[in-house]
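Enquirer: Numbering (UniProt numbering), first residue to last: 1 to 149.
We put the beta carbon where it would ideally sit given N, CA and C, even for glycine.
1. Can the beta-carbon of residue 131 be found less than 7 angstroms from the beta-carbon of residue 95?
2. I'd like to check one pair, residue 72 with residue 138: are the Cβ atoms closer than 7 angstroms?
3. In its own chain, which residues sit with a C-beta less than 6 angstroms from the C-beta of residue 129, not counting the 5 before and 5 after it?
4. Relative to the alpha-carbon of residue 126, which residue among 120, 108 and 116 has its alpha-carbon at the smallest distance?
5. Between the Cα of residue 67 and those of 135, 144 and 143, spot the shortest distance and give me the residue it belongs to.
6. Can you find the residues in the same chain that come closer than 6 angstroms, C-beta to C-beta, to residue 77, ignoring five residues on each side of it along the sequence?
7. Could you give the DSSP three-state label for residue 144: helix, strand or coil?
8. At a threshold of 6 angstroms, does residue 96 count as lining the ligand NAD (C-beta to nearest heavy atom)?
9. To the nearest angstrom, report how far apart residue 1 and residue 61 are at their CA atoms.
10. What did DSSP end up calling residue 83 once you bin it into helix, strand or coil?
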């Protein structure tokens, strides 16, 4: 990654952003990735995918996440705020709603009722003992708009 040293002396410094990827070894392993931005207010994020980001000694941050929430009631809350890279930005939600065993009497209506602040809320029409598995991501394809925010 090249550098443009400014030490605060460049008027456009607030708008600098970029990505650097270091390919090393004979197998072209990706060993280092740097994402940086000096811009304020992180408003039009597009085509960024960071998945399965495992770094020793650092907390996991990703643009995709999966959580499972179990409970006996009408509401299940999956909080992705500690997992996702960008705050208040969920572009896609998929979920599975299934029984934890025992007798299943009917299948209640259920739906995603809120997506905000990187939290997904699923609710059912009546109390049931269920497990909800939720998958979210923060990336859009070219020209795709985010309708969940």
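Expert: Checking against the coordinates, here is how it stands:
1. Position 131 of the chain shown, counted from the start, is the residue given in the question as residue 131. Position 95 of the chain shown, counted from the start, is the residue given in the question as residue 95. Contact flag unset, no.
2. Taking the chain shown and counting its residues from 1, one reaches residue 138 at position 138. Taking the chain shown and counting its residues from 1, one reaches residue 72 at position 72. Cβ distance not < 7 angstroms, so residue 138 and residue 72 don't count as in contact.
3. Stepping through the chain shown from its first residue, residue 129 is reached at position 129. Around residue 129: 72 and 100.
4. Mapped onto the chain shown, residue 126 falls at position 126. Of the candidates 120, 108 and 116, the one whose C-alpha sits nearest the C-alpha of residue 126 is 108.
5. Taking the first residue of the chain shown as position 1, residue 67 is located at position 67. Checking every option, the nearest Cα to that of residue 67 belongs to 135.
6. If you number the chain shown from 1, residue 77 lands on position 77. Excluding residues within five positions, the ones whose Cβ falls inside 6 angstroms are 121.
7. Along the chain shown, one-based indexing puts residue 144 at 144. In this structure, residue 144 counts as coil in the three-state DSSP scheme.
8. Within the structure as shown, the ligand NAD is missing, as the structure has no ligands at all.
9. Translated into the one-based positions of the chain shown, residue 1 becomes position 1. Translated into the one-based positions of the chain shown, residue 61 becomes position 61. Low per-residue confidence applies at residue 1: pLDDT is 45, beneath 50, and the placement is therefore not dependable, though the value from the model is reported in the following sentence. For residue 1 and residue 61, the distance between alpha carbons rounds to 22 angstroms.
10. Reading the chain shown from its first residue, position 83 is the one you call residue 83. Correct three-state label for residue 83: coil.
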